[in-house]
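In the working numbering, the protein residues as written are 575 to 680. Everything on this sheet refers to the single structure shown next.
What follows is the structure in structure tokens.
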């Protein structure tokens, strides 16, 4: 008997789900993490009330939603160093390429 394997959801689906969650913020404030991203590990990661420099567990690299009240600056290297990958104003839902290792909130 042969076992059937269920393929992992495509990364595009993860991005669409994250974007849809971010779009619902405009309709009503949602409980949960204020900053979310899909990592290179294909998992959705979330940060509640992020402040200062925060490591991106799972290596941020697909999409990000910034529901904080401030700007999120995404950096290629750990410890908020190196090249700035993206600057996300409050309320932003966007794809992030190629990846980010840390984010500064302020």
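Glycine residues also receive a C-beta, built at the ideal position from the N, C-alpha and C atoms. Please read these numbers as outputs of a predicted model, since none were measured by experiment.
| field | Buried versus exposed, by CB contacts within 10 Å (16 or more), residue 608 | value | Classification of residue 608: buried, given that the 10 Å Cβ count is 16 or more.
| request: Give the C-beta separation of residue 610 and residue 620 to the nearest angstrom, bearing in mind that I take them to be a contact with Cβ-Cβ under 8 Å. | output: At roughly 5 Å, the Cβ-Cβ gap stays under 8 Å, so residue 610 and residue 620 are in contact.
| query | Using a Cβ-Cβ cut-off of 8 Å (strictly less than) and excluding sequence neighbours within five positions of residue 676, which residues of its own chain qualify? | reply | Within the same chain, 627, 628, 629, 630, 648, 649, 651, 652, 653, 654, 655 come within 8 Å of residue 676 by CB-CB distance, once the 5 residues on both sides are set aside.
| query | Which residues mark the beginning and the end of the beta strand (DSSP E) in which residue 653 is found? | reply | In the DSSP assignment, residue 653 falls outside any beta strand (DSSP E) and carries neither an H nor an E.
| query | Do you know offhand how far residue 635's Cα is from residue 667's? | reply | Looking at the two C-alpha atoms, the distance is approximately 13 Å.
| field | Rounded C-alpha distance that separates residue 624 from residue 618 | value | Approximately 16 Å, taken between the alpha carbons.
| For residue 673, which residues from the same chain have a beta carbon less than 7 Å from its beta carbon, with the 5 sequence-adjacent residues on both sides left out? | Around residue 673: 614, 633, 634, 635.
| Which same chain residues, not among the five before or five after residue 659, have their C-beta less than 7 Å away from its C-beta? | Only 648, 649, 650, 670, 674 meet the Cβ criterion.
| Do you know whose CA, among 665, 657, 661, lies nearest residue 642's CA? | Of 665, 657, 661, the residue nearest in Cα terms is 665.
| query | Is residue 673 helix, strand or coil by DSSP? | reply | Looking at residue 673 - three-state DSSP - the assignment turns out to be coil, as it is neither helix nor strand.
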